[in-house]
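To keep things clear, I will list the structure first and then write my remarks on it.
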Amino acid sequence: AKYPVTNIQFARFVKEDGYQNPEFWSELGWAWRTGKFDARTLEGVERDWLEHRPLAKRNVPYYWHNIELSNAIMPVVGVCWYEAEAYCNWLSRKIVAVPEGYDIRLPCDGEWERASRGTDGREYPWGEGFEKTAANTWDSEATGHGLGGTTAVCTFPQGVSPAEAWDMSGNAWEWTGSWYDDDEKYRIVRGGSWIGYQWFARSSFCNWSIPLMFNDDLGFRVVIAPKDS
-8 AKYPVTNIQF ARFVKEDGYQ NPEFWSELGW AWRTGKFDAR TLEGVERDWL EHRPLAKRNV
52 PYYWHNIELS NAIMPVVGVC WYEAEAYCNW LSRKIVAVPE GYDIRLPCDG EWERASRGTD
112 GREYPWGEGF EKTAANTWDS EATGHGLGGT TAVCTFPQGV SPAEAWDMSG NAWEWTGSWY
172 DDDEKYRIVR GGSWIGYQWF ARSSFCNWSI PLMFNDDLGF RVVIAPKDS
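Quick note, the sequence shown lines up with residues -8 to 220 if you use my numbering.
As structure tokens, then:
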């Protein structure tokens, strides 16, 4: 997608009872949604996460009512991987223009990187070397300590990638559909964020997170791709 999913876009999923409809959720996603994860079967890092953020049957993203993060055209944040997956499943059923044989889903890691780097393997979406005016990171131009939060997805035209994708660098980390490890415990996240340093925002930088994780600098974007690709 040209932009990360914004609050106003995600609001349609919320309004149309996306959180209440199990048809949009995977089995594990619905277990998360209904608070039925068995902590005894989880990895240590997941158990540690749940100790600080217990499962709750919430119907909106975690930071939905935070005035500093809820501007309509800011990227939606505070969503775990399962919420991002459910949104994609819902959107696939809502968009009539999706070609037959195609789905809306999270981009795989390779798709995300190509959209960010282009065919010339650039360091950042705009080229080589960090530009303080091209992305929202901790090192961006402001008071010397970043911009202090997410920004509207159309804020940085200087940072547009060769694929004409905005915010591939900074603002909010983005979930991908790819596993980080062979054991399939962690999902790859990309792009860096408003609270991350410039090197996290490089097009080649690969980070990871447990699917349960949500934060105020973690969102996603979607891709339309052939089914089973």
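Ideal Cβ placement from N, Cα and C applies to all residues, glycine included.
Pair within 8 Å by beta-carbon distance, residue i and residue j
i      : j       : result
Leu97  : Cys79   : yes
Gly20  : Glu76   : yes
Trp166 : Val180  : yes
Ala126 : Phe147  : yes
Ser152 : Ser107  : yes
Phe196 : Gly183  : yes
Trp55  : Gly69   : yes
Ser169 : Asp100  : yes
Ala156 : Ile64   : no
Pro202 : Tyr(-6) : no
Gly109 : Pro217  : no
Gly140 : Glu59   : yes
Val5   : Asn50   : yes
Arg84  : Lys48   : no
Ala2   : Arg212  : no
Coarse secondary structure for residue i, derived from DSSP in three states
i      : result
Leu209 : strand
Gly161 : strand
Pro66  : strand
Gly20  : helix
Trp190 : helix
N-terminal and C-terminal residue of the alpha helix (DSSP H) that residue i is part of
i      : result
Asn80  : 72 to 85
Asn198 : No alpha helix (DSSP H) holds Asn198; the beta strand (DSSP E) holding it covers 197 to 200.
Gln11  : Neither: Gln11 is in no alpha helix (DSSP H) and is coded neither H nor E.
Neighbourhood of residue i by C-beta distance below 7 Å, restricted to the same chain and skipping five residues each side
i      : result
Gly135 : Only weak support exists for where Gly135 lies, its pLDDT of 48 falling under 50; the coordinates are left without a value.
Gln0   : none
Arg113 : Glu119, Ser194
Leu138 : Asn127, Ser131, Trp185
Pro13  : Trp21
Phe15  : Gly9, Ala77, Asn80, Trp81
Val89  : Ser83, Ile95, Ile215
Residue i: first and last residue of the uninterrupted beta strand (DSSP E) it sits in
i      : result
Val180 : 178 to 181
Ile215 : 214 to 217
Same chain, Cβ closer than 6 Å to residue i, neighbours up to 5 away in sequence not counted
i      : result
Ile86  : none
Ala192 : Ala126, Thr128, Ser160, Gly161, Gly183
Tyr171 : Tyr177, Ile179, Trp199
Ser61  : Asn(-2)
Contact set for residue i: own chain, Cβ-Cβ below 8 Å, skip 5 residues either direction
i       : result
Thr(-3) : Ala63, Ile64, Met65, Pro66, Val67, Val144
Pro104  : Looking at the sequence itself, residue 104 is Glu, so the reference to Pro does not match. So the qualifying residues of the chain are Arg181, Ser194, Ser195.
Residue i Cβ short of 7 Å to the ligand FMN heavy atom set
i     : result
Val51 : Questions concerning the ligand FMN fall outside what the structure shown contains, since it holds no ligand whatsoever.
Completely contained beta strand (DSSP E) runs for the stretch 92 to 151, where each covers 3 or more residues: Within the stretch 92 to 151, the complete beta strand (DSSP E) runs of at least 3 residues are 93 to 96.
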